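Chemist:
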Amino acid sequence: MTATGPGARRGTRRLVVRVLLVQALTLIGLYLLQLRFGIGAG
Amino acid sequence: MHWIDWTIVGGYLAYVVWDGIRRSSRSKGIEGYFLAGRLMPWWVVGLSVMATQMSAITLVGTTGQGAEDGMRFVQFYFGLPLAMLILSVTLVPFFHRAKVYTAYEYLERRFDARIRSLTSGLFLLSRGMAVGVVISAPAIVLSATLGLSFPIAVALIGLPAAAYTMFGGVEAVQWVDVKQMFLILGGLGALLVILLAGIPEEVGIGNALRLAGATGRLESFDFSFSLTETYTFWSGLIGGLFLMLAYFGTDQSQVQRYLTARSVQDARSSLFMSAYWKIPLQAMVLMVGVLVFVYYLFSAPPLLFNRDHQTAVETAPAAEITAEYGALTARYQEAFEARRAAALDYSRAGRSGDRSRADEVADRFLASDARMRTAREEALELARTTTGRNPRDINYIIPAFVLGELPIAIPGLFIAAVLAAAMSSISSELNSLSTATIIDFYRRHVRREESDEHYLLVSKVATGFWGLFACGVALFAVALGSLIEVVNRFGSFFYGSILGVFLLSFIPFASGRGALFGLIAGMGSVAAVSVLAPEVSFLWHNVVGAVAVVAVGSVLSLDRRTGLTPGP
């Protein structure tokens, strides 16, 4: 597997998906914190 | 501080200098000194990237911002993960395959020597000044908090970092960064645990968060679109994306970190570490501040956290100032007692499930909180007029809390963590300033054919020079604005435009002439926006600069391509 081969591209794609997933979960967590405890929370 | 705390701080300082200097024997030649032979493991590079970005300003100023203003600052970093992803498939492979020492060296290969010298010169100017602020910011706070003289605080922070960077080179910088990162995380973790454990039992974490949330401190998202607001979702995502692209993609202090990685894949992985952890880490830093606010719901906070300013108003020669401050203190104290009673009532109502009672108490809580805020704002104004200086009280909240409220050893750990955060940024910046000076100017324009030993020697001298220069700037940087924003504001003037030049390099027909005039047009546009529309947030300056460079640079390159104007 080379740094530019299909295997490396697949690996990079996997990392990209993981990064986006972790960020999405972090932002959802912060948003839920705001909804649950923020101004006007029920 | 107790002698045990001083011992922890002294032990930390001695260890980092020893640890850095003992690596000096491994820096053979300038490739070893500046790039560690391009053999660093990805996780060391990744932690060094994070440590470089996390300065003492983050630890002291951002936590204070969390206490005063809440979580909304986290939006500033929303563009960062996206920036890391874009860089990992664009500039990172280019830099690595080009085997360059500096980002600007790549620009000479793509355009011409003028662009390289101009961008590298702008980096030296902006980063050289900014590193002074990175030293002075914590030095101001530590000198006021620990009772040290300001020059001694500057020397305590700047000189050890300069020493191990000068002798040890980039390998020392990065390995010390790793240890410093763990110390910073340890300090933050300890604070978080202490603060959570310190929430009164009858209140509980849920009610504590509800009380903080009622004051707006848990609002992490503001979806309004405004060019004048820095902390909104869209400013963070779009403006922040451009700032982070510029910082991680074109600022030598960051580029040099991942140029030391073994391979392109390792360099990418090191950037992904920040992409994963930066927002959660920043949220944790701000949450520490929010929990300090919660702590002061049940324990009386000082009216002014900056002790120097408090002493100045309490002992002012004019009797009306001391009388006014005394009256403000009484008002603040009365409002605090009312707020504490309301907070406890609110918790009791919350536990018994009495919603209408909780709503009624919440109104009382917010009213007394507003009274405290008004008294504090008036006290800050009084301090400002009495001393003639901005109190910047926000930066003293966490140091005052740690030194005044926490048990022995924790203050020592915290101060060591602040020093670690400062030094990890300073060392990377000094190392990159020296690299740009030697590689882009000395070896390129002054002495082109010297031995490796000669370049290694002048590189060490250059690092020492930049260390002393930064300490000198720090001594005069006191008059600059808010500690958190000043570094970013300074960079924003050039950052976007330099990013624009790198973006232009991907356009196949872009010429050196287009890049040069595009860069000038970009900086001119940012200057015009700063002067004509000062209300526009500095985050958008990066967008303006980058877009102007790409637009003007492309048009001028196109002009040359069609042969209408002779090129250089």
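Protein chains in written order, with the working numbering: chain A, 1 to 42; chain B, 1001 to 1568.
In this text, a Cβ means the ideal position worked out from N, Cα and C, and glycines have one as well.
Here the structure is a predicted model, which is why all the values come from computation and not from measurement.
1) Give every residue of the same chain whose Cβ lies closer than 7 Å to the Cβ of B:Gly1563, excluding the five residues on either side of it in the sequence, and list them in chain order.
2) I'd like to confirm the pairing. Which residues does DSSP put opposite B:Ala1261 in its beta bridges?
3) Can you list, in chain order, the residues of the stretch 1209-1229 of chain B whose Cβ is nearer than 8 Å to any Cβ on chain A?
4) Does the count of Cβ pairs from the stretch 1290-1300 of chain B and the stretch 1328-1340 of chain B closer than 8 Å reach three?
5) To be precise: take each residue of the stretch 14-28 of chain A, compare its Cβ to all Cβ atoms of chain B, and keep it if any distance is under 7 Å. Which residues remain?
6) Taking only beta-carbon positions, decide if B:Tyr1104 is within less than 8 Å of chain A.
7) Taking A:Gly38 as the query, report the chain B residues whose CB atoms sit under 8 Å from its CB, ordered along the chain.
8) Rounding to the nearest angstrom, what Cα-Cα distance links B:Val1526 and B:Pro1534 in this structure?
9) Grab the span of the alpha helix (DSSP H) containing B:Asp1112 for me, first residue to last.
10) Unbroken alpha helix (DSSP H) runs of length 4 or more, entirely within the stretch 1397-1459 of chain B: which are they?
11) Can you tell me whether B:Ala1327 is buried or exposed, with buried defined as 16 or more other CB within 10 angstroms of its CB?
12) Could you name the residues of chain A that B:Val1074 contacts, counting a contact when the two beta carbons are closer than 8 Å?
13) Considering only C-alpha positions, which residue in the set B:Gly1404, B:Tyr1247 and B:Ala1420 is nearest to B:Leu1146?
14) Considering B:Gln1174, what are the terminal residues of the alpha helix (DSSP H) in which it resides?
15) Given that B:Phe1272 touches chain A, what residues does it touch there, using C-beta distances under 7 Å?
16) So, under 8 Å CB-CB, B:Phe1502 and B:Thr1232 are touching, yes? Tell me the CB distance rounded to an integer number of Å.
17) Thinking C-beta only, is B:Ala1383 closer than 8 Å to B:His1309?
18) List the endpoints of the continuous alpha helix (DSSP H) containing B:His1002.
19) For the 8 Å Cβ check, are there 3 or more pairs between the stretch 1096-1112 of chain B and the stretch 1436-1453 of chain B?
20) Which bits of chain A does B:Ile1184 rub up against, with CB to CB less than 9 Å?
21) Short of 7 Å in beta carbon distance, which residues of its chain neighbour B:Ala1416, apart from the five on each side in sequence? Order them along the chain.
22) Alpha carbon to alpha carbon, how far is B:Leu1483 from B:Val1473?
23) Candidates B:Thr1329, B:Ala1144, B:Pro1411 and B:Arg1348: which alpha carbon is nearest B:Glu1377's?
24) Is B:Pro1280 close to chain A, meaning its C-beta is less than 8 Å from at least one C-beta of that chain?
25) Taking the alpha-carbon of B:Ala1422 as reference, which of B:Pro1302, B:Leu1185 and B:Ser1055 has the nearest alpha-carbon?
26) Which first and last residues belong to the alpha helix (DSSP H) in which B:Asp1069 is found?
27) Within 8 Å of any Cβ in chain A, is that where the Cβ of B:Tyr1033 sits?
28) Determine the DSSP secondary structure at B:Pro1093, reduced to helix, strand or coil.
29) Cβ closer than 8 Å: which chain A residues qualify as neighbours of B:Arg1268?
30) Return no unless some Cβ of chain A is closer than 8 Å to the Cβ of B:Pro1138.
31) Is there a Cβ from chain A that is less than 8 Å from the Cβ of B:Pro1200?
32) In the DSSP assignment, find the unbroken alpha helix (DSSP H) run with B:Val1100 in it and report its ends.
33) Given B:Leu1291, which residues of its chain have a CB within under 6 Å of its CB, disregarding the five upstream and five downstream residues?
34) Could you give the DSSP three-state label for A:Tyr31: helix, strand or coil?
35) May I ask you to report which of helix, strand or coil DSSP gives B:Val1203?
Modeler: In short:
1) At B:Gly1563, the pLDDT of 45 sits below 50, so the modelled position is not reliable; the number obtained from the coordinates is stated separately. Counting only residues of its own chain and dropping the five nearest sequence neighbours on each side, B:Gly1563 has no CB closer than 7 Å to any other CB.
2) Looking at the DSSP assignment, B:Ala1261 forms a beta bridge with B:Met1040.
3) Residues Leu1209, Arg1210, Ala1212, Gly1213, Ala1214, Gly1216, Leu1218, Glu1219, Ser1220 and Phe1221.
4) With the cut-off at 8 Å, the stretch 1290-1300 of chain B and the stretch 1328-1340 of chain B touch.
5) Residues Leu15, Val16, Val19, Val22, Gln23 and Thr26.
6) Taking Cβ atoms only, chain A never reaches closer than 8 Å to B:Tyr1104, which makes this a no.
7) Those within 8 Å of A:Gly38 in chain B are Gly1213, Gly1216, Leu1218 and Glu1219.
8) Approximately 10 Å, taken between the alpha carbons.
9) B:Asp1112: not part of any alpha helix (DSSP H); DSSP gives it neither H nor E.
10) Those alpha helix (DSSP H) runs which fall completely within the stretch 1397-1459 of chain B and span 4+ residues are 1397-1405 and 1410-1435.
11) Burial call: exposed.
12) Listed along the chain, the chain A residues whose CB falls inside 8 Å of the CB of B:Val1074 are Leu30.
13) Across the set B:Gly1404, B:Tyr1247 and B:Ala1420, the C-alpha of B:Gly1404 shows the shortest separation from the C-alpha of B:Leu1146.
14) For B:Gln1174, the enclosing alpha helix (DSSP H) starts and ends at Phe1150 to Ala1197.
15) Within 7 Å Cβ-Cβ: Leu15 and Val19.
16) Incorrect: roughly 27 Å between the Cβ atoms, too far for contact.
17) Going by C-beta atoms, B:His1309 is nearer than 8 Å to B:Ala1383.
18) Counting along the chain, B:His1002 falls outside any alpha helix (DSSP H), and DSSP gives it neither H nor E.
19) Yes, the stretch 1096-1112 of chain B touches the stretch 1436-1453 of chain B.
20) By Cβ distance, chain A contributes nothing, its closest Cβ being about 20 Å from B:Ile1184, past 9 Å.
21) Hits under 7 Å: Ile1008, Val1009, Tyr1012 and Leu1183.
22) Because the pLDDT of B:Leu1483 is 46, which lies under 50, any placement of that residue in the model is unreliable, and the question is left without a value.
23) Distance check between B:Glu1377 and each of B:Thr1329, B:Ala1144, B:Pro1411 and B:Arg1348 places B:Thr1329 closest, using alpha-carbon atoms only.
24) For B:Pro1280, the nearest CB of chain A lies under 8 Å from its own CB, placing it at the interface with that chain.
25) Ranking the options by Cα distance to B:Ala1422, first place goes to B:Ser1055.
26) Start and end: Thr1063 to Asp1069.
27) No - not a single Cβ of chain A is within 8 Å of the one on B:Tyr1033.
28) Look at B:Pro1093 here: in three-state DSSP terms it is helix.
29) What B:Arg1268 touches in chain A: Thr12 and Leu15.
30) No, B:Pro1138 lies away from the interface with chain A (no Cβ there is under 8 Å from its Cβ).
31) So no, B:Pro1200 is outside the interface.
32) Under the DSSP assignment, B:Val1100 falls outside any alpha helix (DSSP H); it carries neither an H nor an E label.
33) Leu1195, listed in sequence order.
34) The DSSP-derived three-state label of A:Tyr31 is helix.
35) The answer is coil: DSSP assigns B:Val1203 none of H, G, I, E or B.
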